[in-house]
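Scroll down for the structure; my scribbles are underneath it.
2 protein chains.
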Amino acid sequence: MAARPGGTRHATLKDVAERAGVHAGTASRALNPATQGLVSEATVRAVREAAKALDYRPNSMARGLKTNKTFMVGVIVPDLSNPLFPPIVRGAEEVLSRAGYTTIIADTDNDREREGESIAALRARQVDGLLVASASRDDEAVRTAVEQGVPLVLVNRRTESANVPTVTSDDRSGIEKALEHLVRLGHTAIGHLPGPAHLSTGLERARAFRHHMSELGGTLAPELTVECSTYSVDAGAVAARTLLDQAEPTAILAGNDQIAVGVLDVLRERGLRCPEDVSVVGYNDMTFMDKLSPPLTTVRVPHAAMGAEAAQLLLRWLAEGPPAANVLTLPVELVVRGSTARPRAGG
Amino acid sequence: MAARPGGTRHATLKDVAERAGVHAGTASRALNPATQGLVSEATVRAVREAAKALDYRPNSMARGLKTNKTFMVGVIVPDLSNPLFPPIVRGAEEVLSRAGYTTIIADTDNDREREGESIAALRARQVDGLLVASASRDDEAVRTAVEQGVPLVLVNRRTESANVPTVTSDDRSGIEKALEHLVRLGHTAIGHLPGPAHLSTGLERARAFRHHMSELGGTLAPELTVECSTYSVDAGAVAARTLLDQAEPTAILAGNDQIAVGVLDVLRERGLRCPEDVSVVGYNDMTFMDKLSPPLTTVRVPHAAMGAEAAQLLLRWLAEGPPAANVLTLPVELVVRGSTARPRAGG
DNA sequence: ATGAAAGCGCTAACAC
DNA sequence: GTGTTAGCGCTTTCAT
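Protein sequences, first through last, are from chains U and V.
As numbered in numbering that gives the first Met the number 0, residues 0 to 346 make up the first sequence, in order.
As numbered in numbering that gives the first Met the number 0, residues 0 to 346 make up the second sequence, in order.
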């Protein structure tokens, strides 16, 4: 006989009830901590014992069907292989699982359309709520879901398409700290390679760059900024070549660590040394960024904490309805390593 | 009114049936491709139209309750933040989602006990099958699940506790290639820092090391091998210090890339240069291993393909019962980079 | 070709 | 304190 999916038939609540000599309803009450008080202590014991003996596990589908709650939460990430996202997922998962929720991860592969499909698929699975780490500034899928009342919290990236609880980190302060560091070292010709402007992180960091550069009195020439098409090593390299073809920065502020890695590659390719000829600053502080050559100076973002906070927000929503306070911005920290130094000629 | 979990009430099959002017049973048949032939074409059209109009999404819990199939698969990984595992998950997810399955990821945090809990939790969720990437050689939880007939496929790590379909990569050939490379360069005093022996990868690679070393005529002194307590940078560093205290290897073969990174750190700490003084070889070829200083020579393991193959095996099991062929071993490839060179004195 | 009805395993409203 | 009953949304016999 072929193994039935799920394996050996599981004991059902009725089995437990029969073995304990009570009715299924009573068994249900005995097993549920919330309703356990309505049942005699002796019965509780008997039922518990029977359940243990039969290795009873409540069927969450049946329960969900009845209670209209699945205790499942969907988490949508653009790319699980991007070291940025696993910590977010783990931070969220820890909080959620502690509250009895199971996490379903969907990977959109950085594809806008697949985000919509993922949301739809997860909703079809009757998840109780959604954590979205893949939002773009203009995000139809998120807007639709929010309009339809789906409990949904954004993490890492914001959107302008909907008023929805969001947990991000402080891009402005991150950029400010990075720039302050570079300016203090004596840099004035600072190149900027922001991420795509259709993502909130790309735009906000680019804005912050302009703002703080003019405040700090650095050069703000248009040819010192080249937008990257994606947050990737390759796109970073492409942008770095363009930048170095049209300007002579003594330092480059990269939109994120991947872009910074691309910059490092291009510098090597052109015979430029880092940090002697050009300083480089990344963003995020992914794993192993301290092992690069030179170790990357970068802005550390508390990804796990962001995931955890977003999960908390979602749990609160699930428990008490939509939260009022809508945006949580976590502080970041500049980690100075070997990729930044005083400029050659002293600026 | 508080938003109901899951958002706006979803249209139900009955709603669709009513709108199409048919019975729910008929609507069900019309919507299911398999039973669609039993229904008049006109009805199919009407029902489909009604479904579209109401944005009908079948409730997978209700369906699952009836059919005893959830189209969910659990994937258990030891640590999602370890860059090794996301590719495995993605490879699996791609195959599974194409077949209509949803993936639930559980992270055991490298904790044996939590593996058992994860399996239990996933089974309580009535997943149709399990992909386990966290197995240890002696794995009670896996043994139990298999005995109970749970469709379960191992990936990346084997177990000796149960006869269960497994997809791994060719550890012996990987070690052989690495050793051949080192021996050809002229190394004879080759240190080995295997991963923990309670994991199949740790043991198999250690065995392969001994086997091929004696075949290739290298030194096989006990003080040249130090087992790492875990697959981590820290454990690698600890083991490397021990190794360098008790022997003078001209090359070190690390149990995996994290361990190799630890070795690189310790070499730097002791003023030894890589590869001039000591060559280092890693294992896995995780992201960014080509960006280390020096770029790491390592054995590339096809993680995504392993995940995909494991998923295939599981799907076949789900469709046709337990597969006969039980172990699939994928080929690996040595990637030579800058961390290996001829030894100082010529060996 | 379609309607009727039973029931998956569970919970909750209602008896007693 | 416990049994009874109904029903969550769906599939699937069984009639017709």
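Where is the CB? At the ideal position from N, CA and C, for every residue including glycine.
Exercise. Applying the criterion that 16 or more other CB atoms from any shown protein chain within 10 Å of the CB defines a buried residue, is Pro4 (chain U) buried or exposed?
Worked result: Low confidence applies here, because Pro4 (chain U) scores a pLDDT of 41, under 50, leaving its location unreliable; read the following figure in that light. The residue in question, Pro4 (chain U), is buried, as its Cβ has 16 or more Cβ neighbours within 10 Å.
Exercise. What does a CB cutoff of less than 7 angstroms around Val335 (chain U) pick up in its chain, not counting 5 residues either side in sequence?
Worked result: His180, Thr296
Exercise. Using DSSP with H/G/I as helix, E/B as strand and the rest coil, what is Glu114 (chain U)?
Worked result: helix
Exercise. The segment 57-70 of chain U: which residues have C-beta closer than 8 angstroms to a C-beta of chain V, in chain order?
Worked result: Pro57, Asn58, Ser59, Met60, Ala61, Gly63, Leu64, Asn67, Lys68, Thr69
Problem set entry | CB contact below 7 angstroms: Lys51 (chain U) versus chain V | no
For this session: Pull up the CB-CB distance for Leu263 (chain V) and Val237 (chain V), whole angstroms please, since I reckon it's below 8 angstroms.
Result: Rounded, the Cβ-Cβ distance is 14 angstroms, inconsistent with contact.
For this session: Taking only the alpha-carbon atoms, compute the straight-line gap between Met60 (chain U) and Asn325 (chain U) and give it to the nearest angstrom.
Result: 32 angstroms
Exercise. Which residue comes first and which comes last in the beta strand (DSSP E) that contains His191 (chain V)?
Worked result: 189-192
Exercise. Would you call Asn162 (chain U) buried or exposed, if buried means 16 or more other Cβ atoms sit within 10 Å of its Cβ?
Worked result: exposed
Exercise. Could you give the distance in angstroms between the alpha-carbon of Phe70 (chain U) and the alpha-carbon of Pro85 (chain U)?
Worked result: 21 angstroms
Exercise. Between the segment 126-140 of chain U and the segment 71-90 of chain U, do at least 3 Cβ pairs fall closer than 8 angstroms?
Worked result: yes
Problem set entry | Pairwise C-alpha distance: Val149 (chain U) and Ala1 (chain V) | Annotation note: pLDDT 34 at Ala1 (chain V) (below 50); position unreliable, coordinate value reported separately. For Ala1 (chain V) and Val149 (chain U), the distance between alpha carbons rounds to 11 angstroms.
For this session: Identify whether Met71 (chain V) lies in helix, strand or coil by the three-state DSSP scheme.
Result: strand
For this session: Work out the CA separation of Thr328 (chain U) and Gly90 (chain U) for me, nearest whole Å.
Result: 16 angstroms
Exercise. Less than 7 angstroms separating the beta-carbons of Val300 (chain U) and Leu333 (chain U)?
Worked result: no
For this session: Could you check which residue in U:Ala303, U:Arg341, U:Val331, U:Pro330 has the C-alpha nearest to that of Leu95 (chain U)?
Result: U:Ala303
For this session: Confirm the yes/no value for this check: CB of Pro322 (chain V), any heavy atom of the ligand ADP, distance under 6 angstroms.
Result: Only the bare structure without any ligand can be found here, which leaves the ligand ADP out of the picture.
Exercise. From which residue to which residue does the alpha helix (DSSP H) around Asp244 (chain V) run?
Worked result: 232-245
Exercise. In chain V, what lies closer than 9 angstroms to Gln311 (chain U) by C-beta?
Worked result: Neighbours of Gln311 (chain U) on chain V: none; closest Cβ ~17 angstroms, over 9 angstroms.
Exercise. Can the beta-carbon of Ile258 (chain U) be found closer than 7 angstroms to that of Leu184 (chain U)?
Worked result: no
For this session: Locate the alpha helix (DSSP H) running through Val141 (chain U), then write down its first and last residues.
Result: 139-146
Exercise. So, using beta-carbon positions, are Thr241 (chain U) and Val225 (chain U) closer together than 7 angstroms?
Worked result: yes
For this session: Could you please give me the residues that DSSP links to Gly281 (chain V) through a beta bridge?
Result: V:Thr297
Exercise. So which of U:Ile87, U:Ala140, U:Leu64 has the shortest CA-CA distance to Gln125 (chain U)?
Worked result: U:Leu64
Exercise. Leu151 (chain V): buried (16+ other C-beta within 10 angstroms of its C-beta) or exposed?
Worked result: buried
Problem set entry | Three-state secondary structure (DSSP) of Ser168 (chain U) | strand
Problem set entry | Closer than 7 angstroms to chain V by CB, Val277 (chain U) | no
Exercise. What are the residues that DSSP puts in a beta bridge with Ile258 (chain V)?
Worked result: BP columns for Ile258 (chain V) are empty, so no partner.
For this session: Say whether the segment 154-168 of chain U touches the segment 193-203 of chain U, bearing in mind that this needs 3 or more beta-carbon pairs closer than 8 angstroms, one atom from each stretch.
Result: yes
Problem set entry | Under the three-state DSSP convention, the category Leu327 (chain V) falls into | strand
Problem set entry | Inter-residue spacing [alpha-carbon to alpha-carbon] between Pro342 (chain U) and Pro293 (chain V) | 25 angstroms
Exercise. If you measure from the beta carbon of Ser292 (chain U) to each beta carbon in chain V, is any gap under 7 angstroms?
Worked result: yes
Exercise. Which partner residues of Ala205 (chain U) appear in the DSSP bridge assignment?
Worked result: According to DSSP, which records beta bridges pairwise, Ala205 (chain U) is partnered with nothing at all.
For this session: Would you tell me roughly how many angstroms separate the C-alpha atoms of Thr107 (chain U) and Asn155 (chain V), rounded to the nearest one?
Result: 24 angstroms
For this session: State the start and end residues of the unbroken beta strand (DSSP E) segment that holds Gly128 (chain V).
Result: 128-131
For this session: Using a threshold of 7 angstroms, state whether the C-beta atoms of Leu37 (chain U) and Ala23 (chain U) are closer than that.
Result: no
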